[in-house]
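Trainee: Below you will find the structure I want to go over with you.
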Amino acid sequence: MSEIRAMQDEASEKGKLQINIVSSVTSYPVTNAVISISYTGVPESTLERLTTDSSGQTETIELNAPPEEWSLDRNNERQPYSEYTLDISAPGFEPVSIAGTEILANTKAIQNVRMRPSDNGQEEEEVFVIPAHTLYGDYPPKIAEEEIKPVNESGEIVLSRVVIPEYIVVHDGSPRDSTATNYYVKYKDYIKNVASSEIYATWPANTIRANVLAIMSFTLNRVYTEWYRNKGYDFTITSSTAFDHKWIPERNIYESISVIVDELFSNYLSRPNVRQPILTQYCDGRRVTCPNWMTQWGSKELGDQGFSPIEILRYYYGDDMYINMAQEISGIPASWPGSNLEQGSRGEKVRQMQEEINVIAGAYPAIPKIDPDGIYGPATAAAVEKIQSVFGLPVTGVVDYRTWYKISEIYVGVSRIAELN
């Protein structure tokens, strides 16, 4: 207990937290959920009590956090984030407790929660305990693999091109642990979770971009080569750092990471004359060294020096590394039109986007319904601004690449009861 008190005393700066809650069955927002926030380890002292609005969101609050410098210094050994416990209840849903939401100084944390509807009034609390961040905790280092997998003529590689999956199946343990749970996770959510678990959101934006590109390329190599399925397993990837990346059920993500994943999610890394995404392995560069791989702390220092994402990646993986873009994205009604939609735009893509917004507005009453007339007028711009505000995108009223795919993602979520739950 004294350690916790000491950490609280060291929490001299502030971080931000917003909580978003949806139903695990319908993806509709959960209104009037009550969240009690306490220091992890001091559950008896409630610091804040929040309630979700019609969009399933709380206000953004400030919480104590250790100095930002601790997450920027390779040699710092103190925990650079504070940990909070969230106890969440809502009428008609099973309560949820999350211990270990991580708050970094001067950074907005986003805690997304999927609540299960309660059957027959039987309420069984779901409890999630978030383990330490990989840069702070003690995790096994990556076991080295070839970065390009052999392609057999036997047809084991089933994809002829790189496809961004809608969902991947994450095995929450090492490959041979048959007791570990398999989770169906949206691809973008998986990448945001891993990046939030493996690097600090306080790092330079180009460092975050380089690491996100490496995480995505690695993941898409597992998807493309069906690596685990070809070994007889029924999952895409594991949550073991020895084999893959750290993924943690119900952990919080960070806004600075989320917006970068939304910007880059269809990209991967490639080498000339190699069809598959490159299995870009890395290590922390502090406890573990890894020649010819990227180091996370090293990438942070290159970001500080003004290196671009591709310059950071080539520094470690060589000059023949390129950023590529997948031509196919699964689980969306239609692909990005290729240029921004804004006031004055018109046509079928505008009409389709307006119709999707109206379906979303049926689940999110704060978003206004609009006339799907194929003309991008002030009412459409206002609805787009509200969507951008609710879903954490820059509020511009312009449907850019990120906004188009965010609208598609939310539309798909609320317009079908996900078969995967």
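Residues in the sequence shown are numbered from 119 upward in steps of one, following our numbering. All C-beta atoms, glycine included, are put in the ideal place defined by N, C-alpha and C.
In terms of alpha-carbon separation, which member of Ser145, Tyr202, Ala250 and Ile282 lies closest to Pro395?
Mentor: Within the sequence shown, the letter at position 277 stands for residue 395. Nearest C-alpha to Pro395: Ile282.
Trainee: Express the C-alpha separation of Ala313 and Ser426 in angstroms, rounding to a whole number.
Mentor: Your numbering for residue 426 matches position 308 in the sequence shown. Your numbering for residue 313 matches position 195 in the sequence shown. For Ser426 and Ala313, the distance between alpha carbons rounds to 18 Å.
Trainee: Buried or exposed, going by whether 16 or more other CB atoms sit within 10 Å of the CB of Thr297?
Mentor: Taking the first residue of the sequence shown as 1, we reach residue 297 at position 179. By the 10 Å Cβ count, Thr297 comes out exposed.
Trainee: Throw me the rounded Cβ distance for the Val341 and Thr354 pair, which I believe falls under 8 Å.
Mentor: Locating residue 341 in the sequence shown gives position 223, where the first residue counts as 1. Locating residue 354 in the sequence shown gives position 236, where the first residue counts as 1. That pair is a contact at about 6 Å.
Trainee: Using alpha carbons as the reference points, say which of Ser453, Lys487, His251 and Arg534 lies closest to Thr219.
Mentor: What you label residue 219 is simply residue 101 of the sequence shown in a count that begins at 1. Considering only alpha carbons, the answer is His251.
Trainee: With C-beta atoms as the reference, is Tyr146 less than 8 Å away from Ala452?
Mentor: Here residue 146 refers to the residue found at position 28 of the sequence shown. Here residue 452 refers to the residue found at position 334 of the sequence shown. No, the pair does not count as a contact, with Cβ atoms beyond the cut-off.
Trainee: Could you name the residues of the same chain whose beta carbon sits closer than 8 Å to that of Tyr351, not counting the 5 residues immediately before and after it, in chain order?
Mentor: Reading the sequence shown from its first residue, position 233 is the one you call residue 351. Correct list, in chain order: His289 and Pro293.
Trainee: Note down, in chain order, each residue of its chain lying with its Cβ closer than 6 Å to the Cβ of Tyr523, except the 5 sequence neighbours on either side.
Mentor: The residue labelled residue 523 in the question sits at position 405 within the sequence shown. Closer than 6 Å at Cβ, skipping near neighbours: no residue.
Trainee: If I measure Cβ to Cβ from Gly531 and keep anything under 7 Å in the same chain, skipping five residues before and after, which residues do I get?
Mentor: Translated into positions along the sequence shown, residue 531 becomes position 413. Around Gly531: Ser145.
Trainee: Looking only at its own chain, which residues have a Cβ that is under 8 Å from the Cβ of Gly465, when we skip the five neighbours before and after it?
Mentor: Locating residue 465 in the sequence shown gives position 347, counting from the first residue. Closer than 8 Å at Cβ, skipping near neighbours: Gly492.
Trainee: Helix, strand or coil for Phe211 per DSSP?
Mentor: Here residue 211 is taken as the residue at index 93 of the sequence shown, counted from 1. If DSSP states are grouped into helix, strand and coil, Phe211 belongs with the strands.
Trainee: Mapping the DSSP letters down to three states, classify Gly531 as helix, strand or coil.
Mentor: Counted from its first residue, the sequence shown places residue 531 at position 413. Of the three classes helix, strand and coil, the one that applies to Gly531 here is helix, per DSSP.
Trainee: Is it true that the CB of Asn370 sits closer than 8 Å to the CB of Asn442?
Mentor: Position 324 of the sequence shown holds residue 442. Position 252 of the sequence shown holds residue 370. Cβ distance not < 8 Å, so Asn442 and Asn370 don't count as in contact.
Trainee: Among the candidates Glu180, Ile428 and Arg432, whose CA atom is the shortest distance from the CA of Thr225?
Mentor: For this step, residue 225 is matched to residue 107 along the sequence shown. Thr225 has its Cα closest to that of Glu180, out of Glu180, Ile428 and Arg432.
Trainee: Could you tell me which of Arg167, Val143, Tyr199 and Asp171 sits nearest to Ala484, measuring between CA atoms?
Mentor: For the purposes of this step, residue 484 is taken as residue 366 along the sequence shown, with counting starting at 1. If we check each option's Cα against that of Ala484, Asp171 comes out closest.
Trainee: For Leu168, which residues of its own chain have a beta-carbon under 6 Å away from its beta-carbon, when the five flanking residues on both sides are left out?
Mentor: On the sequence shown, residue 168 is found 50 positions in, with the first residue counted as 1. Excluding positions up to five away in sequence, the list reads Ile153 and Thr176.
Trainee: Look at the alpha carbon of Ile206 and the alpha carbon of Ile216, and state the distance between them as a whole number of angstroms.
Mentor: Position 88 of the sequence shown, counting from 1, holds the residue named residue 206. Position 98 of the sequence shown, counting from 1, holds the residue named residue 216. Going from the Cα of Ile206 to the Cα of Ile216 covers about 8 Å.
Trainee: Over what stretch of residues does the beta strand (DSSP E) that includes Pro229 continue unbroken?
Mentor: Position 111 of the sequence shown holds residue 229. According to the sequence shown, residue 229 is Gln rather than Pro. Where Gln229 is concerned, the enclosing beta strand (DSSP E) stretches over Lys226 to Met233.
Trainee: Looking at C-beta atoms only, is the number of pairs between the segment 136 to 145 and the segment 230 to 245 that lie closer than 8 Å three or more?
Mentor: Taking 8 Å as the limit for Cβ pairs, the verdict is that the segment 230 to 245 does touch the segment 136 to 145.
Trainee: Tell me the DSSP bridge mates of Ile441?
Mentor: The residue given as residue 441 occupies position 323 in the sequence shown. DSSP output for Ile441 lists Leu387 as bridge partner(s).
Trainee: Check each candidate in Val287, Tyr308, Lys310 and Ile309 and name the one with the smallest Cα separation from Asn300.
Mentor: Residue 300 sits at position 182 when you count from the first residue of the sequence shown. It is Val287.
Trainee: With DSSP run on the structure shown, which of helix, strand or coil describes Pro496?
Mentor: Position 378 of the sequence shown holds residue 496. Looking at Pro496 - three-state DSSP - the assignment turns out to be helix.
Trainee: I need the straight-line Cα distance from Glu271 to Thr413, nearest angstrom please.
Mentor: If you number the sequence shown from 1, residue 271 lands on position 153. If you number the sequence shown from 1, residue 413 lands on position 295. Any reading at Glu271 must be qualified, since the residue scores a pLDDT of 49, below 50, and its modelled position is unreliable; the value itself is stated next. Going by the C-alpha atoms only, they are around 35 Å apart.
Trainee: Whole angstroms is fine: what's the gap from Glu537's alpha carbon to Pro235's?
Mentor: Taking the first residue of the sequence shown as 1, we reach residue 537 at position 419. Taking the first residue of the sequence shown as 1, we reach residue 235 at position 117. With a pLDDT of 44 at Glu537, under the threshold of 50, the modelled position of that residue is not reliable, and the figure given next carries that caveat. Each residue's alpha carbon lies about 15 Å from the other.
Trainee: May I have a chain-ordered list of the alpha helix (DSSP H) segments no shorter than 4 residues that lie completely inside the segment 353 to 416?
Mentor: As far as the segment 353 to 416 is concerned, its whole alpha helix (DSSP H) runs of at least 4 residues are 373 to 382.
Trainee: Check whether the segment 309 to 328 touches the segment 486 to 505, taking contact to mean three or more Cβ pairs, one atom from each stretch, closer than 8 Å.
Mentor: With a cut-off of 8 Å, the segment 486 to 505 and the segment 309 to 328 do not count as touching, because too few Cβ pairs lie within range.
Trainee: Just checking my contact of Ser374 with Ala319 at CB under 8 Å: how many whole Å lie between their CB atoms?
Mentor: The count along the sequence shown starts at 1 and reaches residue 374 at position 256. The count along the sequence shown starts at 1 and reaches residue 319 at position 201. About 5 Å; that satisfies the 8 Å criterion.
Trainee: In the DSSP assignment, what are the bridge partners of Phe246?
Mentor: On the sequence shown, residue 246 is found 128 positions in, with the first residue counted as 1. In the DSSP output, where bridge partners are listed per residue, Phe246 has Ile216.
Trainee: Report back the beta-carbon spacing between Ile366 and Val330 to the nearest angstrom; my notes put them in contact at under 8 Å.
Mentor: Position 248 of the sequence shown holds residue 366. Position 212 of the sequence shown holds residue 330. That belief does not hold up - the Cβ atoms of Ile366 and Val330 are roughly 17 Å apart, past 8 Å.
Trainee: Any heavy atom of the ligand ATP closer than 7 Å to the beta-carbon of Ser448?
Mentor: What this structure holds is no ligand at all, so the ligand ATP is not there to describe.
Trainee: Find out if the Cβ-Cβ distance for the pair Val108, Ser507 is shorter than 8 Å.
Mentor: With the chain represented from 119 up to 539, any question about residue 108 goes unanswered, as that position is not in the structure.
Trainee: Within 10 angstroms of the Cβ of Val143, are there 16 or more other Cβ atoms? Answer buried if so, exposed if not.
Mentor: For the purposes of this step, residue 143 is taken as residue 25 along the sequence shown, with counting starting at 1. It counts as exposed.
Trainee: Buried or exposed for Ser448, please, with buried defined as at least 16 other CB atoms from any protein chain shown within 10 angstroms of its CB.
Mentor: As a working note, residue 448 is residue 330 in the sequence shown. Under this definition Ser448 is an exposed residue.
Trainee: Please tell me whether Tyr202 and Thr158 are closer than 8 Å, where the distance is taken between their beta carbons.
Mentor: The residue labelled residue 202 in the question sits at position 84 within the sequence shown. The residue labelled residue 158 in the question sits at position 40 within the sequence shown. Yes. Within cutoff.
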